[in-house]
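K.L.:
This is the structure I want to talk about, given as structure tokens.
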Amino acid sequence: MITFDNVTVRENGQTILNGVSFSIAPQERAVFFGKSGAGKTTILTTLIGAFRPAAGTILFSGNPVTGSTVHELRRAVSYISQQPVMGADRVEDALLLPFTFKANRSGRPARETIERILSRLHLEPGLLEKESEVLSGGEKQRVAIARELLQNKQVFILDEITANLDPESKAAVLELFGSSPFTLLSVSHDPDWLKMCTSFYRVAQGAVTGPVERPDYSEMVR
Amino acid sequence: MQTIDISYPLMLTMFGLLLLPIAICYYLKIPVVKTTIIAVSRMTVQLVLVALYLEFLFRVNSIWLNFAWVLVMLLVANSSIINSSGLRVRVFFLPLFAGVAIGTLVVVFFMVFITVQPQPFYDARYIIPITGMVLGNCLRANVISLERFYSSIRKNEKEFLSYLLMGATLKEAVAPYMREAAKAAFAPTIATMTTLGLVSLPGMMTGQILGGSLPVVAIKYQIAIMLAIFSATVLTAVINIRLSMGVSFSEYHTLNKQIFSG
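Heads up: the protein sequence lines correspond to chains D and P, in order. For what it's worth, numbering that gives the first Met the number 0 labels the leading residue of the first sequence as 0, then goes sequentially. For what it's worth, numbering that gives the first Met the number 0 labels the leading residue of the second sequence as 0, then goes sequentially.
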């Protein structure tokens, strides 16, 4: 489904990814681990086109990602970071933000659909009327995930999404991703998240080794 | 009614007045004395040279010379906009020159040829000062809009990318940053129009009254120039953002970091 074939990324004259190769199958729940600054987040953001590889190829569903196809990839994948972007003052507007864009206008979901997806994430419908600013970090994270579910995305790129979550939010997020047939590419140091993942990739100095055996916590940050 | 000319010795008294603020700054150790002296010297030399050139332009009043001077003004304003916005001149010179020229000339030609209708139509006494006033105000607005637009996309890169991931086109993804940048750029002109005549007596009107015009004539010109300034500000700011986008984003629709000069 997603393949990095010898991908090298350079930024400001520095090599930040060096000949990275791996392949993620549909419904695989992959996690990239390694020390801070190793290049984990760069792998995720390169996939969504934040960086253009200086060498190598990224394949998505068998097709090379280029300037003309990166937009299709972006429409198919979801990216959520530790501090998700709300993009609107009210929660309902934040949830419906993707449907203000021309490409999605016809798919605007009904109120019942929104409420059903919120309940999957243990969120009350009353939240819709709230200001985004007053939400807790955990609520914001779940609203961001709900927004992606409303767009029927099946591939999730998740950067430390369980870091700083309260226990209730974390349980809801783990339950959702552990029980759904999504393809996940994630970065995490959370042992509970790792338990839920099915493949493990070690990242060190901009290079990737893997899949490797399930690491224990001390190995993850080594 | 003739304007009272100021003799050169009396003009020097105004420079004498400058000793007062300089002394205050020096006494309070406000570190602007040197820069003030440089600024006043530059202003004086520049204006004397412009006065000599304008006298020559007004006397000759040639269509080619007048439009050549307008072209010089556009080129200087364009370079100044790019440099002050923290962007690279080499990357932006052509697209922004097109934006500044289109936005300014459409408005100046409208005001001069349709509203004022001087004879001949290229009369330097109208074309040059009106272009100068419009361009001076556009310059400030464009520096604000371009600087704000690109720096906020750079600062909010994840937010910007998340719009693209939600299916936004490049135009849709930059729209919030463009709105904010434009609002900030237009605000000073809107505020000036709101308080004109109450807080400040505008330069063009004061100049015309000192030059012997009737207040009602001066006011008509002042209203016309404010409308021209606002129209050109909006036109140049919007056109410049749109035209500059062609050289600022990669084929992946991410911001090229090489566009920043610093």
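Backbone N, C-alpha and C define an ideal beta-carbon position, used for all residues, glycine too.
Just the Cα atoms here: how many angstroms apart are ILE144 (chain D) and ALA93 (chain D)?
P.N.:
The count along the first sequence starts at 1 and reaches residue 144 (chain D) at position 145. The count along the first sequence starts at 1 and reaches residue 93 (chain D) at position 94. When rounded, the distance between both Cα atoms is 11 Å.
K.L.:
Specify whether the stretch 164-177 of chain P and the stretch 87-105 of chain D touch according to this definition: at least 3 beta carbon pairs, one from each stretch, less than 8 Å apart.
P.N.:
In this structure the stretch 164-177 of chain P touches the stretch 87-105 of chain D; the number of beta carbon pairs closer than 8 Å is three or more.
K.L.:
How would you write the range of the beta strand (DSSP E) that THR56 (chain D) sits in, first residue to last?
P.N.:
Along the first sequence, one-based indexing puts residue 56 (chain D) at 57. Unbroken beta strand (DSSP E) run through THR56 (chain D): 54-59.
K.L.:
Let's test the definition: count the other Cβ atoms within 10 Å of the Cβ of LYS152 (chain D) and tell me whether it reaches 16, buried, or not, exposed.
P.N.:
The residue you call residue 152 (chain D) lines up with position 153 of the first sequence. Counting Cβ neighbours within 10 Å, LYS152 (chain D) comes out buried, since at least 16 surround it.
K.L.:
Alpha carbon to alpha carbon, how far is ILE21 (chain P) from PRO30 (chain P)? Give it in angstroms, no decimals.
P.N.:
The residue given as residue 30 (chain P) occupies position 31 in the second sequence. The residue given as residue 21 (chain P) occupies position 22 in the second sequence. Each residue's alpha carbon lies about 10 Å from the other.
K.L.:
DSSP has GLN13 (chain D) in a bridge; who is on the other side?
P.N.:
In the first sequence, counting from the first residue as 1, residue 13 (chain D) sits at position 14. As a beta-bridge residue in DSSP terms, GLN13 (chain D) pairs with D:GLU10.
K.L.:
Cα separation between LEU9 (chain P) and ILE23 (chain P)?
P.N.:
Taking the second sequence and counting its residues from 1, one reaches residue 9 (chain P) at position 10. Taking the second sequence and counting its residues from 1, one reaches residue 23 (chain P) at position 24. Each residue's alpha carbon lies about 23 Å from the other.
K.L.:
Indicate whether ILE143 (chain P) and ALA184 (chain P) have their beta-carbon atoms separated by less than 7 Å.
P.N.:
Within the second sequence, the letter at position 144 stands for residue 143 (chain P). Within the second sequence, the letter at position 185 stands for residue 184 (chain P). Closer than 7 Å, so yes.
K.L.:
Do the stretch 63-83 of chain D and the stretch 119-129 of chain D make contact, defined as three or more Cβ pairs closer than 8 Å?
P.N.:
no
K.L.:
Can you tell me the Cα-Cα spacing of PRO210 (chain D) and GLU114 (chain D), whole angstroms?
P.N.:
Position 211 of the first sequence, counting from 1, holds the residue named residue 210 (chain D). Position 115 of the first sequence, counting from 1, holds the residue named residue 114 (chain D). PRO210 (chain D) and GLU114 (chain D) have their C-alpha atoms roughly 38 Å apart.
K.L.:
Using a Cβ cut-off of 9 Å, pull out every chain P residue sitting near PHE100 (chain D), in sequence order please.
P.N.:
Locating residue 100 (chain D) in the first sequence gives position 101, where the first residue counts as 1. Near PHE100 (chain D) (Cβ distances below 9 Å), the residues of chain P are TYR162, MET165, GLY166, ALA167, THR168, GLU171 and ALA172.
K.L.:
Rounded to whole angstroms, how far is the Cβ of SER232 (chain P) from the Cβ of ALA140 (chain P), which I believe are closer than 8 Å?
P.N.:
As a position in the second sequence, residue 232 (chain P) is number 233, starting the count at 1. As a position in the second sequence, residue 140 (chain P) is number 141, starting the count at 1. According to the sequence shown, residue 232 (chain P) is Thr rather than Ser. 4 Å between Cβ atoms; contact.
K.L.:
Measure from the alpha carbon of ARG51 (chain D) to the alpha carbon of each residue in D:LEU134, D:LEU173, D:ASP165 and D:VAL8, then state which is nearest.
P.N.:
Numbered from 1 along the first sequence, position 52 holds the residue referred to as residue 51 (chain D). Here the closest residue by C-alpha is D:VAL8.
K.L.:
Measuring CA to CA, which of D:LEU173, D:THR112 and D:PRO124 is closest to GLU159 (chain D)?
P.N.:
What you label residue 159 (chain D) is simply residue 160 of the first sequence in a count that begins at 1. Of the listed residues, the one whose Cα sits closest to GLU159 (chain D) is D:LEU173.
K.L.:
Are the CB atoms of GLU91 (chain D) and LEU127 (chain D) nearer to each other than 7 Å?
P.N.:
If you number the first sequence from 1, residue 91 (chain D) lands on position 92. If you number the first sequence from 1, residue 127 (chain D) lands on position 128. It is a contact, given that the beta carbons lie within the stated cut-off.
K.L.:
For a test of the three-state rule: what should DSSP assign to GLU130 (chain D), helix, strand or coil?
P.N.:
As a first step, residue 130 (chain D) must be located in the first sequence, where it is residue number 131. DSSP, reduced to helix, strand and coil, places GLU130 (chain D) within a strand of the structure shown.
K.L.:
Is the beta carbon of LEU95 (chain P) closer than 7 Å to that of ASN77 (chain P)?
P.N.:
The residue you call residue 77 (chain P) lines up with position 78 of the second sequence. The residue you call residue 95 (chain P) lines up with position 96 of the second sequence. It is a contact, given that the beta carbons lie within the stated cut-off.
K.L.:
What are the start and end residues of each continuous alpha helix (DSSP H) run of 4 or more residues lying completely inside the stretch 139-163 of chain P, in chain order?
P.N.:
none
K.L.:
Would you give the residue range spanned by the beta strand (DSSP E) that ARG201 (chain D) belongs to?
P.N.:
To locate residue 201 (chain D), count along the first sequence from 1; it is residue 202. In the DSSP assignment, ARG201 (chain D) falls within the beta strand (DSSP E) that extends over 198-203.
K.L.:
Between which two residues does the beta strand (DSSP E) containing ASP158 (chain D) stretch?
P.N.:
Start at 1 with the first residue of the first sequence, and residue 158 (chain D) comes out as number 159. 154-158 is the extent of the beta strand (DSSP E) around ASP158 (chain D).
K.L.:
Report the three-state DSSP secondary structure of ASN60 (chain P) (helix, strand or coil).
P.N.:
By 1-based counting over the second sequence, the position of residue 60 (chain P) is 61. Note: ASN60 (chain P) maps to coil in three-state DSSP.
K.L.:
Can you tell me whether VAL64 (chain D) is helix, strand or coil according to DSSP?
P.N.:
Taking the first residue of the first sequence as 1, we reach residue 64 (chain D) at position 65. Note: VAL64 (chain D) maps to coil in three-state DSSP.
K.L.:
To the nearest angstrom, report how far apart MET42 (chain P) and ARG153 (chain P) are at their CA atoms.
P.N.:
Position 43 of the second sequence, counting from 1, holds the residue named residue 42 (chain P). Position 154 of the second sequence, counting from 1, holds the residue named residue 153 (chain P). Straight across, the Cα-Cα distance linking MET42 (chain P) with ARG153 (chain P) is about 36 Å.
K.L.:
Since SER80 (chain D) meets chain P, which of its residues come closer than 9 Å, beta carbon to beta carbon?
P.N.:
Against the first sequence, residue 80 (chain D) aligns to sequence position 81. What SER80 (chain D) touches in chain P: LYS157 and SER161.
K.L.:
With 7 Å as the threshold, decide whether the Cβ of GLU179 (chain P) is near any Cβ in chain D.
P.N.:
As a working note, residue 179 (chain P) is residue 180 in the second sequence. With 7 Å as the cut-off, GLU179 (chain P) does not count as an interface residue toward chain D.
K.L.:
Start and end of the beta strand (DSSP E) containing TYR78 (chain D)?
P.N.:
By 1-based counting over the first sequence, the position of residue 78 (chain D) is 79. Counting along the chain, the beta strand (DSSP E) containing TYR78 (chain D) begins and ends at 76-79.
K.L.:
Using a Cβ cut-off of 9 Å, which residues of the stretch 232-249 of chain P contact any Cβ in chain D, in chain order?
P.N.:
SER249
K.L.:
Taking buried to mean at least 16 other C-beta atoms within 10 Å of its own C-beta, is PHE120 (chain P) buried or exposed?
P.N.:
Walking along the second sequence from the start, residue 120 (chain P) turns up at place 121. Here PHE120 (chain P) is exposed, its C-beta having fewer than 16 other C-beta atoms within 10 Å.
K.L.:
Given a cut-off of 7 Å on the beta-carbon distance, is the pair ILE126 (chain P) and VAL111 (chain P) in contact?
P.N.:
For the purposes of this step, residue 126 (chain P) is identified with residue 127 of the second sequence, where counting begins at 1. For the purposes of this step, residue 111 (chain P) is identified with residue 112 of the second sequence, where counting begins at 1. For ILE126 (chain P) and VAL111 (chain P), yes; Cβs fall inside 7 Å.
K.L.:
Could you tell me how far apart the beta carbons of PHE31 (chain D) and TYR200 (chain D) are, in whole angstroms, since I believe they sit closer than 8 Å?
P.N.:
Here residue 31 (chain D) refers to the residue found at position 32 of the first sequence. Here residue 200 (chain D) refers to the residue found at position 201 of the first sequence. Going by Cβ atoms, the distance from PHE31 (chain D) to TYR200 (chain D) rounds to 5 Å, so yes, they are a contact pair.
K.L.:
CB PHE259 (chain P) to CB GLY85 (chain P), shorter than 7 Å?
P.N.:
Here residue 259 (chain P) refers to the residue found at position 260 of the second sequence. Here residue 85 (chain P) refers to the residue found at position 86 of the second sequence. Yes, they are a contact pair.
K.L.:
I want to see whether chain P comes within less than 7 Å of ASN5 (chain D), judged by CB atoms only; does it?
P.N.:
Translated into the one-based positions of the first sequence, residue 5 (chain D) becomes position 6. For ASN5 (chain D), the answer is no, since every Cβ of chain P falls outside 7 Å of its Cβ.
K.L.:
Quick one, which of D:ALA171, D:ILE116 and D:ILE15 has its alpha-carbon nearest ALA49 (chain D)'s?
P.N.:
As a first step, residue 49 (chain D) is located in the first sequence; it is residue number 50 there, counting from the start. Out of D:ALA171, D:ILE116 and D:ILE15, D:ILE15 has the C-alpha closest to the C-alpha of ALA49 (chain D).
K.L.:
Indicate the three-state DSSP secondary structure (helix, strand or coil) for GLY106 (chain D) in the structure shown.
P.N.:
Locating residue 106 (chain D) in the first sequence gives position 107, counting from the first residue. Residue state, collapsed to three classes: helix.
K.L.:
In whole angstroms, what separates the C-alpha of THR205 (chain P) from that of VAL88 (chain P)?
P.N.:
As a position in the second sequence, residue 205 (chain P) is number 206, starting the count at 1. As a position in the second sequence, residue 88 (chain P) is number 89, starting the count at 1. Each residue's Cα considered, the two are about 36 Å apart.
K.L.:
Whether or not the stretch 61-80 of chain D and the stretch 126-135 of chain P are in contact is what I'm after, with contact meaning three or more pairs of Cβ atoms, one per stretch, closer than 8 Å; do they touch?
P.N.:
no
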